[in-house]
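The sequence shown runs 24 to 315 under our numbering.
Built from N, CA and C at the ideal position, the CB exists for glycine as well.
To keep things clear, I will list the structure first and then write my remarks on it.
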Amino acid sequence: MKRLALCIVTLAMLASACSSGSEGKSSENTVACDGNANAFTKQMETYSNSDGFLVDVTQEGGALTAVSVSIPAITFNGEAASSTLPTGPCQHIYRFKYLNVEHRGVDAPFKYVEIDWNTEGKPRGPNGSFLSSHFDFHFYLQPQAWIEKHLTCVSSNGKTCDASLSDYDQIRRFQSLPDADKVPDLYRADVGSAIPAMGLHLLDYTIDYTVDTVDHYPTIIYGTFDGEIIFLEASVTLQTLQDAVSAPSQQVSFAVRQPSQKPSSTWPTSFDVIHDANTGGFTAKFSGWQSR
């Protein structure tokens, strides 16, 4: 298996402009707060080169039933602690895996999946609730080449789009929100979260954002660009993965809140995290698809 390049970013470099390939992105390494940047990189390279990454589309009677992404085994060495992946207090985000969705004769809206690993370690987000290490699973509604061509901007902090330096019309596209019926009620835009090759993030404000809630309940995010839904994301902490391990069914499930006007002809109503006891790996799955 070929060696993957990693896009490694600190919290201050959340979405740096990285050169991209079919599977990964690269940027210059940064010095970790405890000097472990190289060790972190080696951990991520080892994990990203592991067997077990897979996107699957399932159907029944010609109807879409699930789109899922599987990840390799993770070794836990305590609550919310893993020897497989780097964790806080140093904050790095690794945009490290890109997998195309093969539709297999069924109409699925997602074109590819981006897997990110966020070490976290310092509070951010609503009420400082984004504290724990987690995966971000982005399911995009446009091909990767389209996203990387159209969702560009100038970033002065290596993190988000800088409106003072970027093209005016392009920033307008990043900040242009969908009509209210295209997003679930009480989803609100994080207007400072426009990220190159990703989009703007909308958060569910029916959620009571506490550290404990986020640790055990995946954050379901609608991503937008130029007035349209561009991705559906689930942020999954190590604690949620451990919840799946300890569940009798080896699975935990969560509702995906619905807009009145779905982004595609069919849309998921559930997000599931499944532990494979045989391999030690996990599957993140959007299921319960319903037609308009």
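Alpha-carbon to alpha-carbon, residue j and residue i
i: Thr-263; j: Ala-104; result: 12 Å
i: Asn-150; j: Tyr-117; result: 24 Å
i: Thr-233; j: Glu-143; result: 15 Å
i: Asp-139; j: Phe-119; result: 6 Å
i: Lys-205; j: Glu-68; result: 38 Å
i: Trp-312; j: Tyr-70; result: 31 Å
i: Tyr-210; j: Val-124; result: 27 Å
i: Leu-108; j: Ala-307; result: 17 Å
i: Leu-87; j: Leu-255; result: 17 Å
i: Gln-273; j: His-298; result: 5 Å
i: Thr-292; j: Lys-134; result: 18 Å
i: Val-296; j: Phe-76; result: 15 Å
CA nearest to the CA of residue i, picked from the options
i: Ser-189; options: Ser-178, Ala-220 and Val-90; result: Ser-178
i: Asn-287; options: Ala-257, Gln-274, Ala-300 and Glu-251; result: Checking the sequence shown, residue 287 turns out to be Ser, not Asn. Closest option to Ser-287, Cα to Cα, is Glu-251.
i: Pro-207; options: Asp-74, Ile-243 and Leu-154; result: Ile-243
i: Ile-218; options: Glu-83, Gln-281, Ala-186 and Thr-229; result: Ala-186
i: Val-214; options: Ile-230, Thr-183, Ser-73 and Phe-277; result: Thr-183
i: Asp-202; options: Ser-216, Asp-249 and Ala-168; result: Asp-249
i: Ala-220; options: Ser-106, Thr-175, Gln-284 and Phe-305; result: Thr-175
i: Ile-253; options: Asp-299, Gly-303, Asp-130 and Gly-222; result: Gly-222
i: Ala-278; options: Asp-299, Ile-230 and His-157; result: Ile-230
i: Thr-64; options: Ser-91, Val-78 and Asn-141; result: Asn-141
i: Asp-159; options: Lys-285, Ser-283, Leu-261 and Gly-304; result: Leu-261
i: His-126; options: Tyr-245, Asp-79 and Asp-266; result: Asp-79
i: Ile-170; options: Gly-181, Thr-247 and Thr-110; result: Thr-247
i: Pro-95; options: Ser-73, Cys-113 and Gln-265; result: Ser-73
Backbone secondary structure at residue i - three-state DSSP
i: Val-124; result: coil
i: Glu-133; result: Here the sequence assigns Phe to residue 133, which means Glu is not the residue at that position. Reduced to three states, the DSSP call for Phe-133 is coil.
i: Ile-170; result: helix
i: Val-92; result: strand
i: Tyr-70; result: helix
i: Ser-283; result: coil
i: Ser-314; result: strand
i: Asp-231; result: coil
Heavy atom of the ligand NAP within 7 Å of residue i beta-carbon
i: Arg-118; result: Judged by which ligands are present, the structure shown has none, so any question about the ligand NAP falls away.
### Task
Report yes or no: do three or more beta-carbon pairs, one from the segment 190 to 197 and one from the segment 156 to 170, lie closer than 8 Å?
no
### Task
Would you list, in sequence order, the uninterrupted alpha helix (DSSP H) runs of no fewer than 4 residues that lie entirely inside the segment 246 to 310?
261 to 269
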